[in-house]
Amino acid sequence: MADMTSTGRPLLNRRLAGFGTTIFAEMSALAVRTGSINLGQGFPDTDGPEEVREAAVRALREGRGNQYPPGSGVPELRTAIAGHQRRFHGLSFDPDTEVLVTAGATEAIAAALLALVEPGDEVVAFEPYYDSYAASIAMAGGTRVPVTLRPHEGGFCLDLDELRAAVTDRTRLLLVNTPHNPTGTVLTREELAAIAALAVERDLLVVTDEVYEHLVFDGAEHLPLAAFPGMRERTVTIGSAGKTFSFTGWKVGWVTAAPDLVAAVRSVKQFLTYVASGPFQYAVADALRLPDAYFAEFRAGMRAKRDLLAHGLEQAGFKVFRPAGTYFITTDIRPLGESDGFAFCRTLPERCGVVAIPNAVFYDHREAGAPFVRFAFCKRKNVLEEAETRLKRLAV
């Protein structure tokens, strides 16, 4: 068998048993094969600001970043990241000791968990969660403990009592994502304060994925967990350029944290990619210094796209959970007479030429996510309008 050695021993490390090809690769391939509109994988179909792209070209031509950049990231980008955290969140980080550039947020997550989690440690994460969380916890030898966000009043909510009950003497770390993919939940000040108090009380580390920090809507506010009392010294904050500037292929992410935490993450990161994205680091430094108008217009544009797709999904018969953040919409397919998100998503391209993602892949408790399906709205307006037209076939 292809997945076994000649002695019958499995080829794949047992920690990663069950982690095959990601659902994103499967559904994107299905979109290509069927000529469908891909609202599954979360990448924009337009590039970000021209001046940022030109900054990358300029760096290439000037020979900046064409060889290995510094292990922690080029100084210009580390300084810009520190400036961004101060400008938008009032947080002060030393660019030399408290900032680390990574190959996207995915590497930052993996490096942080490999650095901070010992085999047998429990990691509490909010379910549903981005699929790399489960894989990274498994690679570290940790045990993931899901706390489920549940549908409530048009969104998905965290049960703080359930969170407290999930923490045991074996818990090492909380893995927090806000704004939350895939549900679009943005944790409130009260919820974050409770999480912070729990982390301090139980002496827990926290890794917080904040890559959608600039995509919050309808009066929601993104608040970094590191800004809460007692959290500065125990929180690893992860950010990314891909989601904010629509250059997901550049793979530029970062970590901000206290020096000892950054040093721990760097000690792992250096044996993963070592370094990456040299010329793009200079361009992202420029991007982080764009005027406030860019961030406001970016957010407003995404909000309009959210509203457009949400309306189309409602017209097609879905129950829509309108997100307070990110660029994903979670829907409930039960009003359409369906209950199996996997089966629904695998037949949707043939039925109406649209690809989506079954939310069950983001759950340990698969049954809890079975009727939910995620659509991405980070696409051109005309693409979303065509998707809306095609999805209406479901209502016939």
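Numbered by our numbering, the letters in the sequence shown go through residues 64 to 459 in order. The C-beta atom is built at its ideal place from N, Cα and C for all residues, glycine as well. Remember, predicted model here, so these are calculated numbers, not experimental data.
For Pro214, the enclosing beta strand (DSSP E) has its first and last residue at Arg213 to His215. Per DSSP, the unbroken beta strand (DSSP E) holding Gly316 starts and ends at Gly316 to Thr319.
Counting along the chain, the unbroken alpha helix (DSSP H) around Leu176 starts and ends at Gly167 to Leu179. Looking at the DSSP output, Phe391 shares a beta bridge with Ala439. If you draw a straight line from the Cα of Gly432 to the Cα of Val299, it comes to about 28 Å.
A distance below 6 Å between beta-carbons, with the five flanking residues on each side excluded, links Phe156 to the following residues of its chain, in chain order: Ala145, Gln148, Val162 and Thr319. Here Ala289 is buried. Its C-beta has 16 or more other C-beta atoms within 10 Å.
When beta bridges are read from the DSSP output, Lys382 appears opposite Asp395. Taken in chain order, the unbroken stretches of alpha helix (DSSP H) that lie wholly in the region 191 to 260 and span 4 residues or more are 194 to 202 and 223 to 229. With a contact defined as Cβ atoms closer than 8 Å, Ser99 and Gly416 qualify at about 5 Å. The shortest C-alpha to C-alpha distance from Ala363 to any of Ala346, Glu449, Leu278 and Ala326 is the one to Leu278. Where Leu74 is concerned, there is no enclosing beta strand (DSSP E), because DSSP gives it neither an H nor an E. Within the model, the alpha-carbon separation for Leu75 versus Pro191 is close to 25 Å. Here Gly302 is bridged, per DSSP, to Trp317. Looking at the backbone, the Cα of Arg227 and that of Arg124 are separated by about 53 Å.
Short of 6 Å from the beta carbon of Phe381, and not among the five residues preceding or following it, lie these beta carbons of its own chain, in chain order: Thr394. By a beta-carbon distance limit of 8 Å, Ala339 contacts Lys314. Their separation comes to about 6 Å. Contact check for Leu140 against Val164 passes: the beta carbons are separated by less than 7 Å. With fewer than 16 other CB atoms across the displayed protein chains lying within 10 angstroms of its CB, Glu284 is exposed.
Here DSSP, grouped into helix, strand and coil, assigns Asn101 to strand. Take Thr206, set aside five residues on each side of it, and the residues of its chain with a beta-carbon closer than 6 Å to its own are Glu185, in chain order.
Ranking Pro73, Ala321, Gly105 and Ala80 by CA distance to the CA of Thr389 puts Gly105 first. When rounded, the separation of the alpha-carbon atoms in Glu253 and Thr109 is 36 Å. For Glu430, the three-state secondary structure derived from DSSP is helix. Residue Leu376 holds the alpha-carbon nearest to the alpha-carbon of Ala450 among Leu376, Pro421, Phe391 and Asp272.
Here DSSP, grouped into helix, strand and coil, assigns Glu284 to coil.
Partner residues in a beta bridge of Phe425, as assigned by DSSP, do not exist.
In this model, Leu399 and Ala458 are separated by some 8 Å (Cα to Cα). Boundaries cannot be given for Val274, as no beta strand (DSSP E) includes it and DSSP labels it neither H nor E.
In chain order, Pro73 place their CB closer than 8 Å to the CB of Ala80, counting only its own chain and leaving out the 5 sequence neighbours on each side.
Cβ atoms of Lys368 and Phe440 come within 8 Å of each other, at about 5 Å. A contact is defined here as three or more CB-CB pairs under 8 Å, and the region 172 to 182 fails this definition with respect to the region 207 to 215. Here the C-alpha atom of Arg150 lies approximately 45 Å from the C-alpha atom of Arg96. Bridge partners of Phe189 according to DSSP: Val210. By the C-beta density criterion, Ala373 is buried, having at least 16 other C-beta atoms within 10 angstroms. Beta-bridge partners of Val417 (DSSP): Ile100.
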